[in-house]
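Asker: Got a structure for you, questions after.
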Amino acid sequence: MLEVILISSIKVIVVVVVLLTGCAYATYMERKVLAFMQNRIGPNYAGPYGLLQPIADAVKLIFKEDVVPDNVERLTYTLAPMISFVPAMLTFAVVPFSSNFTLFGYEITGVISDLNIGILFVFAITSLGVYGILLGGWSAGSKYSLLGGLRASAQMISYELSYGLSIVGVIIIANTLSMVELVEQQSSIGSWFIWKQPLGFLLYITCAVAETNRSPFDLPEAESELVGGYHTEYSSMRFAQFFIGEYGNMLAVSAVATTLFFGGWQGPLLPPVIWFLIKVFCFMFFYIWLRATLPRFRYDQLMNFGWKVLFPLALFNTLLTGLWVLWLGDVLFGG
Amino acid sequence: MNLDTIVFLVSAVVAVFSATMMISQRNTVASVLYLILSLLAQAVLYIQLSALFLSAVLIIVYAGAIMVLFLFVVMLLNLRGNQDLGDKPSPVSRITKYLVSILLVVELVFIIRGIGFDTGTVGIMTLAADDFGSVAAVARILFTNYLYPFELTGVLLLVAIVGAVVVSKREKSYETPAGSGNMPDDRKKVEI
């Protein structure tokens, strides 16, 4: 019993440390990649190639004065950054990052917890993340924050439906909700679920970008209209928590996309963990690429797109997959 | 006292406490937050009953979607602090709320008597059948034994959606004067 607890604890610590480092270096990656795409150099003073920039940023944020405006709702103001930060971390509790392996004579599973409702857990947890943004925007007592918070919630409610529906196709085909089993079913490139669910994948990735409030759906923090959006009144580490929450969510969404559509840790030659990281990295690059390429949506465009394009498409995809499995199941998906 | 009991007691106390706080608070946002807390505690109770699927659905649907809408509306109206909602409740609603509460209490008493509170079947909750609460088990029951109520609920929801669309459409044509097609962003959000 003690062994089990110890192994799990170590796994949790390793995952959290890797995740936080990942978040920090995701900011570095974003700045560097954006810089190259815009023909600039990017951060290059701290360390070789500016590699120590995230550490410098963290130190700066920690030592910065924590300014709290007078008219905030204390409790929610304090809680909001934490609420946006924690769900992003929790998602990784069910994401399989490796196959089972043996270390120092112990058989170790490549996932913190193999829930048999893995995907539902992910969606339940990520659906709570919006409270951080909403409460942060509301409790700060600033108009810009409130507008940012309201925008975020309206956007996330609108896209959550399509977001949830987009993976139903995968679930129908795979006939399981467990993330570990999903990965095991995609043992070769040919059996990746993206080939069976191309529309589902496109819907997933579009909704995921909207859910994480990233460009081109980053209206909650549209700096040209809202100063900074929901985190306008936050400073120091509270602001950093929002920031880590955002990047953590990006990583979580990328990891889930990898697991659902791209075979998770499956891959030849290299160790499974490396494959998993490579795939997640590609998604992160894609995120930044999007930001460098696409202009921001207008608010009514965003809503129309979500309700009138994505949602019907997601329903259609679900229906199509259901009928296909029912009538032609053996032909394409082998039962 | 084993770990299960402790988890049960903590989450049960949190659920009841936050439900009580929810109805006793004047601050609307605090009420909503307490309700969310209560729902989360209930989800833990479901997990203890090994009804993982139900707990996930409870969080996704109620805590993750419906309560966000609640909070959204409250914030849109910008009810801060102990601000009064204005209208005094009408005498009808004052009477009916007590009537409904009494009805619920009576119902609850009957249910508790029905399953025998003192025979030890209720108390600290215990695990049910092996695959009880798994997605497959819930789906099987839902689409066989309870197919009729399930479909009926679906129709009810559909009617409600159509109703919502009709109501919002009508409001729009009343409120928008001719020629003012360019509404500010916030106005549009109300219609969602």
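Just so you know, the protein sequences line up as chains E and W, in that order. For my numbering, add 1 to where a residue sits in the first sequence, where the first one is 1. Counted from 1, the second sequence has number 170 at position 189 by my numbering; the numbering is strictly sequential. The beta carbon of each residue, even a glycine, is placed where N, CA and C say it ideally should be.
Can you list the residues of chain E that residue 53 of chain W reaches, using a CB-CB cut of under 8 Å?
Answerer: Here the neighbours are 135, 151, 154, 155 and 158.
Asker: What are the uninterrupted segments assigned as beta strand (DSSP E) that are 3 or more residues long and contained completely in the region 64 to 110 of chain E, given in chain order?
Answerer: You should have 102 to 104 and 107 to 109.
Asker: Would you please verify whether the beta carbon of residue 336 of chain E is less than 7 Å from any beta carbon of chain W?
Answerer: Any answer about residue 336 of chain E is weak, because its pLDDT of 41 lies below 50 and its placement is not dependable; what the coordinates show is given next. No, because no Cβ of chain W sits closer than 7 Å to the Cβ of residue 336 of chain E.
Asker: Buried or exposed, going by whether 16 or more other CB atoms sit within 10 Å of the CB of residue 100 of chain E?
Answerer: So residue 100 of chain E ends up on the buried side.
Asker: Hey, does residue 93 of chain E have any beta-carbon neighbour from chain W nearer than 7 Å?
Answerer: Residue 93 of chain E does not count as touching chain W.
Asker: Let me know the secondary structure DSSP gives residue 204 of chain E once reduced to three states.
Answerer: Note: residue 204 of chain E maps to helix in three-state DSSP.
Asker: Below 8 Å between beta carbons is the criterion; list the residues of the region 155 to 188 of chain E that meet it against any residue of chain W, in chain order.
Answerer: Taking 8 Å as the Cβ-Cβ cut-off against chain W, the residues of the region 155 to 188 of chain E that qualify are 155, 157, 158, 159, 161, 165 and 178.
Asker: What does the alpha-carbon distance come out to for the pair residue 233 of chain E and residue 136 of chain E?
Answerer: Whole-angstrom Cα-Cα distance: 13 Å.
Asker: Tell me where the alpha helix (DSSP H) around residue 296 of chain E begins and ends.
Answerer: Taken as a continuous stretch (DSSP letters only), residue 296 of chain E belongs to no alpha helix (DSSP H), as it is neither H nor E.
Asker: List, in chain order, every chain E residue whose beta-carbon is nearer than 8 Å to that of residue -11 of chain W.
Answerer: Neighbours of residue -11 of chain W on chain E: none; closest Cβ ~20 Å, over 8 Å.
Asker: Counting only beta-carbon atoms, is residue 266 of chain E nearer than 7 Å to chain W?
Answerer: No - not a single Cβ of chain W is within 7 Å of the one on residue 266 of chain E.
Asker: Buried or exposed for residue 141 of chain W, please, with buried defined as at least 16 other CB atoms from any protein chain shown within 10 angstroms of its CB.
Answerer: With fewer than 16 other Cβ atoms within 10 Å, it is exposed.
Asker: At the level of alpha carbons, what is the spacing between residue 181 of chain E and residue 36 of chain E?
Answerer: Approximately 37 Å between the Cα atoms of the pair.
Asker: By DSSP, does residue 160 of chain E sit in helix, in strand, or in coil?
Answerer: If DSSP states are grouped into helix, strand and coil, residue 160 of chain E belongs with the helices.
Asker: Inspect the beta-carbon positions of residue 289 of chain E and residue 34 of chain E and report whether they are closer than 7 Å.
Answerer: Their beta carbons are under 7 Å apart, which means residue 289 of chain E touches residue 34 of chain E by this criterion.
Asker: Please state the DSSP three-state secondary structure of residue 177 of chain E.
Answerer: It is coil, neither helix nor strand.
Asker: Between residue 292 of chain E and residue 215 of chain E, which are expected to be in contact by the criterion C-beta below 8 Å, what is the C-beta distance as a whole number of angstroms?
Answerer: Right, the Cβ-Cβ distance comes to about 7 Å (below 8 Å), so this counts as a contact.
Asker: Which residues in chain W sit within 7 Å of residue 131 of chain E, going by Cβ to Cβ distance?
Answerer: Going along chain W in sequence order, the residues near residue 131 of chain E (Cβ under 7 Å) are 49.
Asker: Thinking residue 227 of chain E and residue 148 of chain E are a contact (beta carbons under 8 Å), I'd like their distance in whole angstroms, please.
Answerer: Residue 227 of chain E to residue 148 of chain E, Cβ: 6 Å. Contact.
Asker: By alpha-carbon positions, which one of E:27, E:5 and E:9 ends up nearest to residue 281 of chain E?
Answerer: The option with the nearest alpha carbon to residue 281 of chain E is E:27.
Asker: For a quick check, are the C-beta atoms of residue 36 of chain W and residue 43 of chain W less than 7 Å apart?
Answerer: No, these two residues do not count as a Cβ contact at 7 Å.
Asker: To the nearest angstrom, how far is it from the Cα of residue 149 of chain W to the Cα of residue 139 of chain W?
Answerer: Those two C-alpha atoms are separated by around 15 Å.
Asker: With 7 Å set as the bound, which would you pick, yes or no: does the beta-carbon of residue 131 of chain W sit closer than that to a beta-carbon of chain E?
Answerer: No - not a single Cβ of chain E is within 7 Å of the one on residue 131 of chain W.
Asker: Closest Cβ-Cβ distance between residue 34 of chain W and chain E: below 7 Å?
Answerer: Chain E contact via Cβ: present.
Asker: Residue 218 of chain E by DSSP, collapsed to three states: which one?
Answerer: Here residue 218 of chain E sits in coil by DSSP.
Asker: Determine, using beta carbons only, whether residue 3 of chain W comes closer than 7 Å to chain E.
Answerer: It does not: the Cβ of residue 3 of chain W has no partner Cβ on chain E nearer than 7 Å.
Asker: Report yes if the C-beta distance between residue 131 of chain E and residue 90 of chain E is below 7 Å; otherwise report no.
Answerer: Their beta carbons are not under 7 Å apart, which means residue 131 of chain E does not touch residue 90 of chain E by this criterion.
Asker: Return the chain-ordered list of same chain residues with a C-beta closer than 6 Å to the C-beta of residue 2 of chain E, the five sequence neighbours on each side being excluded.
Answerer: If we look at residue 2 of chain E and ignore the five residues flanking it on each side, it has no Cβ neighbours.
Asker: Given a limit of 8 Å on CB to CB distance, which residues of the region 111 to 122 of chain E reach chain W?
Answerer: Taking 8 Å as the Cβ-Cβ cut-off against chain W, the residues of the region 111 to 122 of chain E that qualify are 116, 117, 118, 121 and 122.
Asker: Given that residue 37 of chain W touches chain E, what residues does it touch there, using C-beta distances under 7 Å?
Answerer: What residue 37 of chain W touches in chain E: 118, 121, 122 and 125.
Asker: Please name the residue in E:287, E:259, E:31 and E:286 whose C-alpha comes closest to that of residue 274 of chain E.
Answerer: Among E:287, E:259, E:31 and E:286, the Cα nearest to that of residue 274 of chain E belongs to E:259.
Asker: For residue 189 of chain E, does the count of other Cβ atoms within 10 angstroms reach 16, so buried, or fall short, so exposed?
Answerer: Exposed, by the Cβ-count rule.
Asker: Suppose you measure from the CA of residue 55 of chain W to the CA of residue 267 of chain E; what does that come to, to the nearest Å?
Answerer: Rounded to the nearest angstrom, the two C-alpha atoms are 46 Å apart.
Asker: Alpha carbon to alpha carbon, how far is residue 209 of chain E from residue 219 of chain E? Give it in angstroms, no decimals.
Answerer: So the alpha carbons of these two residues sit roughly 12 Å apart.
Asker: I want to see whether chain W comes within less than 7 Å of residue 139 of chain E, judged by CB atoms only; does it?
Answerer: Yes, residue 139 of chain E lies at the interface with chain W (some Cβ there is under 7 Å from its Cβ).
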